[in-house]
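Just remember that our numbering sits 936 ahead of the position in the sequence shown, which is counted from 1.
Cβ atoms here follow ideal geometry from the backbone N, Cα and C, with glycine treated the same way.
Note that the structure is predicted; figures quoted are calculated from it, not measured.
First comes the structure, then the notes that go with it.
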Amino acid sequence: MHNFSLIYVTCKNKNEANSIATILVEEKLVACANIINSVKSIYYYNNQIHYDNEVILILKTQSKLFDEVRLRILKIHSYESPCIVEIKISNGEKSFLDWIISSTSI
């Protein structure tokens, strides 16, 4: 039985998101990446509030690959503590989920 996940990542800009997505797809760690441009992020870091424009990266993969994806992102991401969050997929279109399996099988 296969389990599936979306991985939510924030990036400093579109170039970084594109680079991370390309590497993960090429290495078959994720089947697909969606890049959502220009979101406003307000967060508390280093004892102050920050207001930044960021890019959201949504990755689709098998849950068993999450740890490998997380470690790979940590190696190439520019942030000291990047947002890398796994969201479990409880259900989905069978043909789409089958495609995730075939796209992430090494």
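Quick one: grab the DSSP three-state call for residue 941.
strand
Could you tell me how far apart the beta carbons of residue 992 and residue 975 are, in whole angstroms, since I believe they sit closer than 8 Å?
6 Å
Taking the alpha-carbon positions, what's the residue 943 to residue 1029 distance?
18 Å
Report yes if the CB atom of residue 966 is closer than 9 Å to the CB atom of residue 1001, and no otherwise.
yes
Can you give me the C-alpha to C-alpha distance between residue 961 and residue 981, rounded to a whole angstrom?
31 Å
With the cut-off set at 9 Å, would you say residue 946 and residue 1015 are in Cβ contact?
yes
What are the boundary residues of the alpha helix (DSSP H) that residue 1005 is part of?
1002 to 1012
Is it the case that the Cβ atoms of residue 1009 and residue 1020 are separated by a distance below 9 Å?
yes
Between which two residues does the beta strand (DSSP E) carrying residue 995 extend?
984 to 998
Per DSSP, what are the beta-bridge partners of residue 958 in this structure?
DSSP, once it has assigned bridges, lists no residue as partnering residue 958.
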